[in-house]
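Engineer: Under my numbering, the first residue of the sequence shown carries the number 32, and numbering increases by one thereafter. We treat Cβ as the ideally placed atom computed from N, Cα and C, and that holds for glycine.
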Amino acid sequence: MRLKTSAALCTAAFLAGVPAFAGQVPPALGQHLEGTAALTLSSSQLTVPGASVLSKSPPRKSATALTSIRSNTSAVVRPVQPSWFSSSTIYEVNIRQYTAAGTFQAFTSQLPRLKTLGVKVLWLMPVYPIGQQNRLGSLGSYYSVRDYRAVNPEFGTSAQFKTLVDKAHAAGFKIILDWVANHTAWDNPWITAHPDWYLQGRDGQIVSPPGTGWNDVAQLDYTNAAMRLAMIDAMAMWVRTYGIDGFRADVASMVPADFWNQATEKLQAIKPLLMLAEAETRPALMQRAFLLDYNWNLYHKLNQVGAGWVDTSGVQDIVNAQVDEYGKTAMPMNFITNHDENSWNGSEYERLGTAVASLTVFYFTMPGVPLIYTGQEMGLTRRLKFFDRDPIRWQTAPINALLTRLVGLKAKNQALWNVPGQSPVVWLPTNNDQVFAYSRKVAGDSVVILVNASADTQNVRASLGAVAGQRYISLATGKSITLGATRKTVLKPYSYEVFTTFTWR
Numbered sequence: 032m033r034l035k036t037s038a039a040l041c042t043a044a045f046l047a048g049v050p051a052f053a054g055q056v057p058p059a060l061g062q063h064l065e066g067t068a069a070l071t072l073s074s075s076q077l078t079v080p081g082a083s084v085l086s087k088s089p090p091r092k093s094a095t096a097l098t099s100i101r102s103n104t105s106a107v108v109r110p111v112q113p114s115w116f117s118s119s120t121i122y123e124v125n126i127r128q129y130t131a132a133g134t135f136q137a138f139t140s141q142l143p144r145l146k147t148l149g150v151k152v153l154w155l156m157p158v159y160p161i162g163q164q165n166r167l168g169s170l171g172s173y174y175s176v177r178d179y180r181a182v183n184p185e186f187g188t189s190a191q192f193k194t195l196v197d198k199a200h201a202a203g204f205k206i207i208l209d210w211v212a213n214h215t216a217w218d219n220p221w222i223t224a225h226p227d228w229y230l231q232g233r234d235g236q237i238v239s240p241p242g243t244g245w246n247d248v249a250q251l252d253y254t255n256a257a258m259r260l261a262m263i264d265a266m267a268m269w270v271r272t273y274g275i276d277g278f279r280a281d282v283a284s285m286v287p288a289d290f291w292n293q294a295t296e297k298l299q300a301i302k303p304l305l306m307l308a309e310a311e312t313r314p315a316l317m318q319r320a321f322l323l324d325y326n327w328n329l330y331h332k333l334n335q336v337g338a339g340w341v342d343t344s345g346v347q348d349i350v351n352a353q354v355d356e357y358g359k360t361a362m363p364m365n366f367i368t369n370h371d372e373n374s375w376n377g378s379e380y381e382r383l384g385t386a387v388a389s390l391t392v393f394y395f396t397m398p399g400v401p402l403i404y405t406g407q408e409m410g411l412t413r414r415l416k417f418f419d420r421d422p423i424r425w426q427t428a429p430i431n432a433l434l435t436r437l438v439g440l441k442a443k444n445q446a447l448w449n450v451p452g453q454s455p456v457v458w459l460p461t462n463n464d465q466v467f468a469y470s471r472k473v474a475g476d477s478v479v480i481l482v483n484a485s486a487d488t489q490n491v492r493a494s495l496g497a498v499a500g501q502r503y504i505s506l507a508t509g510k511s512i513t514l515g516a517t518r519k520t521v522l523k524p525y526s527y528e529v530f531t532t533f534t535w536r
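Below is the structure:
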């Protein structure tokens, strides 16, 4: 295995005032490794910089044997997009830090507020019991799973979890679970009952994921057919028993793509599920199993913009390239914060400063689905602890009104819907390279957006082309306006204009 640090990640971390890797890879960075590392396994051994060569014990199965355990995935020809997902925004829920109690029951009481925000998909960070052995901090990492088929008693009971899911469904939400398939806690029962389900060194001892520094977890061996089936069966249990609507796959590319194809074939037969991979630019994952992955490239570029490195053409290149990368079968999840970035690299206010609002408008209106993380809607400015209790102190903030309007706009205006390959960005000719000027259009729905990416006031003249001559509504004022062939305006530092043919209310 080779761990190759991404220059973009190091840049983002440096700009946030923290080292990318302070002594070691933080264990929780398993949750965003896809933007940061490339992992390579040879057919017979794992090479770890500065470490001895690890080999399989027992010896790795032959190619013939490996082929025999792979599922026939011919029935799954492209990623599934559930019918309910087209106009959705994803909201990531950190149960531990969400309320003073940090429980399923306490979070359930927050559903009406999230309904008002307008989000439709709730991604729950891992809800499973956490390992005690080699535990980090007082409560451990959410991603150190002791039992795939139970709930964390820190959060409540299985009955309380079922109540949460049922009430969320009744309120119109969908629930996706964070799934940790690459590794387990050291005191997971699989360790003692099935040691052959784990990667072992030459001494026969089970190892942590090589090259990661994640010493609180043990690496699973995906050449083992029985382990694969047990993993899929555990995932299916959550769909059948609790009615879960999909999964976010932790470090998805560290698990073989053919396993995800095998799992998807079985799981999608139960009901249409939303599948999100913590991955980026991994075509094998997106061909069949996953509809969504992480837009790390855009995230890192927006961090640079927020730090004063204005590179509108570089951002445009990323967005343009993704038209071909995703085609008409998959799409990215866009974000400026998530649980990893907040805890390890800082809140969006540390990284983006006064550009938070304008870059929120930008990422929300790009092709793909937007993500809101716990506390983002109340202007959370601090890093939440990862291994200990650190509950949010909820308050109102101006960003909440903006996010509510953007979520509503996403839901109402089909030009912004989550349909792969539909309504790509059209960059509008402008006199100013410090400004993003663009439109998106499908049928009778259009949006026109201008975003000042700089810390200076900018005079802007943008040619609207095919979206000119229509009646629009201003997102800022709610007033109606007809946009002619050219939009002339003055944008204050990190400000924006959004015009929509469809109200967000």
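Are the beta-carbon atoms of residue 484 and residue 466 separated by less than 8 Å?
Structural biologist: As a working note, residue 484 is residue 453 in the sequence shown. As a working note, residue 466 is residue 435 in the sequence shown. Contact: yes.
Engineer: Smallest Cα separation from residue 385: which of 395, 423, 336 and 366?
Structural biologist: Within the sequence shown, residue 385 is the residue found at index 354, counting from 1. Here the closest residue by C-alpha is 336.
Engineer: Based on Cα-Cα distance, which residue from 262, 195 and 402 lies nearest to residue 290?
Structural biologist: Locating residue 290 in the sequence shown gives position 259, where the first residue counts as 1. Measuring from the Cα of residue 290, the nearest candidate turns out to be 262.
Engineer: What does the Cβ neighbour count give for residue 279, buried or exposed, with the cut at 16 atoms within 10 Å?
Structural biologist: Translated into the one-based positions of the sequence shown, residue 279 becomes position 248. Looking at its Cβ environment, which holds 16 or more other Cβ atoms inside 10 Å, residue 279 is buried.
Engineer: Whose CA, out of 378, 334, 375 and 398, lies closest to the CA of residue 361?
Structural biologist: Looking up residue 361 in the sequence shown gives position 330. Comparing C-alpha distances from residue 361 to each of 378, 334, 375 and 398 shows the shortest one belongs to 398.
Engineer: Is there contact between the segment 416 to 425 and the segment 461 to 480, where contact requires at least three CB pairs shorter than 8 Å?
Structural biologist: no
Engineer: Let me confirm a value: residue 525 is counted as buried when at least 16 other C-beta atoms fall within 10 Å, else exposed. Which label applies?
Structural biologist: Taking the sequence shown and counting its residues from 1, one reaches residue 525 at position 494. Classification of residue 525: buried, given that the 10 Å Cβ count is 16 or more.
Engineer: Should residue 419 go down as buried or exposed, given a rule of 16 or more other Cβ atoms within 10 Å for buried?
Structural biologist: Here residue 419 refers to the residue found at position 388 of the sequence shown. Exposed, because fewer than 16 other Cβ atoms sit within 10 Å of the Cβ of residue 419.
Engineer: Tell me where the alpha helix (DSSP H) around residue 389 begins and ends.
Structural biologist: For the purposes of this step, residue 389 is taken as residue 358 along the sequence shown, with counting starting at 1. It spans 387 to 395 - the alpha helix (DSSP H) in which residue 389 sits, taken as one unbroken run.
Engineer: In the DSSP assignment, find the unbroken beta strand (DSSP E) run with residue 275 in it and report its ends.
Structural biologist: The residue given as residue 275 occupies position 244 in the sequence shown. That residue, residue 275, is in no beta strand (DSSP E); it is neither H nor E in DSSP.
Engineer: Do residue 210 and residue 276 have their C-beta atoms closer together than 8 Å?
Structural biologist: Numbered from its first residue, the sequence shown carries residue 210 at position 179. Numbered from its first residue, the sequence shown carries residue 276 at position 245. It is not a contact, given that the beta carbons lie outside the stated cut-off.
Engineer: Rounded to whole angstroms, what's the CA-CA distance from residue 208 to residue 308? Just pull it up for me.
Structural biologist: By 1-based counting over the sequence shown, the position of residue 208 is 177. By 1-based counting over the sequence shown, the position of residue 308 is 277. Residue 208 and residue 308 have their C-alpha atoms roughly 12 Å apart.
Engineer: Quick test of the definition: if touching needs 3 or more C-beta pairs under 8 Å, does the segment 154 to 161 touch the segment 442 to 453?
Structural biologist: No, the segment 154 to 161 does not touch the segment 442 to 453.
Engineer: Can you confirm whether the segment 211 to 220 touches the segment 133 to 144 when touching is taken to mean that 3 or more C-beta pairs between the two stretches lie within less than 8 Å?
Structural biologist: The way I'd put it, the segment 133 to 144 doesn't touch the segment 211 to 220; fewer than three beta-carbon pairs between them come closer than 8 Å.
Engineer: Less than 7 Å separating the Cβ of residue 274 from some heavy atom of the ligand SAH?
Structural biologist: In the structure on display, the ligand SAH does not appear, and there are no ligands present to speak of.
Engineer: How is residue 380 classed by DSSP in three states: helix, strand or coil?
Structural biologist: Within the sequence shown, numbered from 1, the residue matching residue 380 stands at position 349. Helix at residue 380.
Engineer: Would you report the Cα separation of residue 331 and residue 224, rounded to the nearest angstrom?
Structural biologist: On the sequence shown, residue 331 is found 300 positions in, with the first residue counted as 1. On the sequence shown, residue 224 is found 193 positions in, with the first residue counted as 1. Between residue 331 and residue 224, the C-alpha separation is close to 43 Å.
Engineer: My output table needs one value for residue 317: the three-state DSSP class, helix, strand or coil.
Structural biologist: Mapped onto the sequence shown, residue 317 falls at position 286. Helix at residue 317.
Engineer: Restricting to runs no shorter than 4 residues, where is the alpha helix (DSSP H) found entirely within the segment 332 to 366?
Structural biologist: 343 to 357
Engineer: Would you identify the three-state DSSP class for residue 100, choosing helix, strand or coil?
Structural biologist: To locate residue 100, count along the sequence shown from 1; it is residue 69. Caution applies to residue 100, whose pLDDT of 34 falls short of 50 and renders its modelled position unreliable; the value that the coordinates give is listed next. In this structure, residue 100 counts as helix in the three-state DSSP scheme.
Engineer: Based on Cα-Cα distance, which residue from 181, 437, 387 and 436 lies nearest to residue 272?
Structural biologist: Locating residue 272 in the sequence shown gives position 241, where the first residue counts as 1. That would be 181, whose Cα lies nearest to the Cα of residue 272.
Engineer: Give every residue of the same chain whose Cβ lies closer than 6 Å to the Cβ of residue 164, excluding the five residues on either side of it in the sequence, and list them in chain order.
Structural biologist: Here residue 164 is taken as the residue at index 133 of the sequence shown, counted from 1. Around residue 164: 217 and 218.
Engineer: What whole-angstrom Cβ distance do residue 206 and residue 148 have, given they're in contact under 8 Å?
Structural biologist: Taking the first residue of the sequence shown as 1, we reach residue 206 at position 175. Taking the first residue of the sequence shown as 1, we reach residue 148 at position 117. Actually they do not touch by this definition, with Cβ atoms about 16 Å apart.
Engineer: Using 8 Å as the threshold, is the C-beta distance between residue 447 and residue 471 below it?
Structural biologist: Taking the sequence shown and counting its residues from 1, one reaches residue 447 at position 416. Taking the sequence shown and counting its residues from 1, one reaches residue 471 at position 440. For residue 447 and residue 471, yes; Cβs fall inside 8 Å.
Engineer: Could you pull the start and end residues of the alpha helix (DSSP H) that residue 463 belongs to?
Structural biologist: As a first step, residue 463 is located in the sequence shown; it is residue number 432 there, counting from the start. Segment: none, residue 463 is in no alpha helix (DSSP H) and carries neither H nor E.
Engineer: Please state the DSSP three-state secondary structure of residue 227.
Structural biologist: Here residue 227 refers to the residue found at position 196 of the sequence shown. Looking at residue 227 - three-state DSSP - the assignment turns out to be helix.
Engineer: Is the segment 184 to 202 in contact with the segment 234 to 251, if contact means three or more CB pairs nearer than 8 Å?
Structural biologist: no
Engineer: By Cβ distance below 8 Å, which residues in the same chain neighbour residue 430 in space, the five residues on each side in sequence not counted?
Structural biologist: If you number the sequence shown from 1, residue 430 lands on position 399. 387, 388, 391, 407, 408, 409 and 410.
Engineer: Is it a yes or a no for the segment 310 to 318 touching the segment 286 to 301, going by three-plus beta-carbon pairs under 8 Å?
Structural biologist: They touch, by the three-pair rule.
Engineer: Am I right that residue 445 and residue 474 are in contact with their C-beta atoms under 8 Å? What's the rounded C-beta distance?
Structural biologist: Here residue 445 refers to the residue found at position 414 of the sequence shown. Here residue 474 refers to the residue found at position 443 of the sequence shown. Right, the Cβ-Cβ distance comes to about 7 Å (below 8 Å), so this counts as a contact.
Engineer: To the nearest angstrom, how far is the alpha carbon of residue 538 from that of residue 523?
Structural biologist: In this structure the chain extends from 32 to 536, so residue 538 is not present and cannot be described.
Engineer: Flag this pair as yes or no: are the beta carbons of residue 443 and residue 395 separated by less than 8 Å?
Structural biologist: As a first step, residue 443 is located in the sequence shown; it is residue number 412 there, counting from the start. As a first step, residue 395 is located in the sequence shown; it is residue number 364 there, counting from the start. No. Outside cutoff.
Engineer: Considering Cα atoms alone, identify which of 320, 266 and 269 is closest to residue 111.
Structural biologist: On the sequence shown, residue 111 is found 80 positions in, with the first residue counted as 1. The candidate whose alpha carbon is nearest that of residue 111 is 320.
Engineer: Go ahead and label residue 532 buried or exposed: buried means 16 or more other beta carbons lie within 10 angstroms of its beta carbon, across all protein chains shown.
Structural biologist: Mapped onto the sequence shown, residue 532 falls at position 501. Residue 532 is buried by the Cβ-count criterion.
Engineer: Do you know how far the Cα of residue 172 is from the Cα of residue 8?
Structural biologist: This structure leaves residue 8 out entirely; the chain is present only between 32 and 536.
Engineer: Mapping DSSP to helix, strand and coil, what is residue 256?
Structural biologist: In the sequence shown, residue 256 corresponds to position 225, counting from 1. Three-state result, residue 256: helix.
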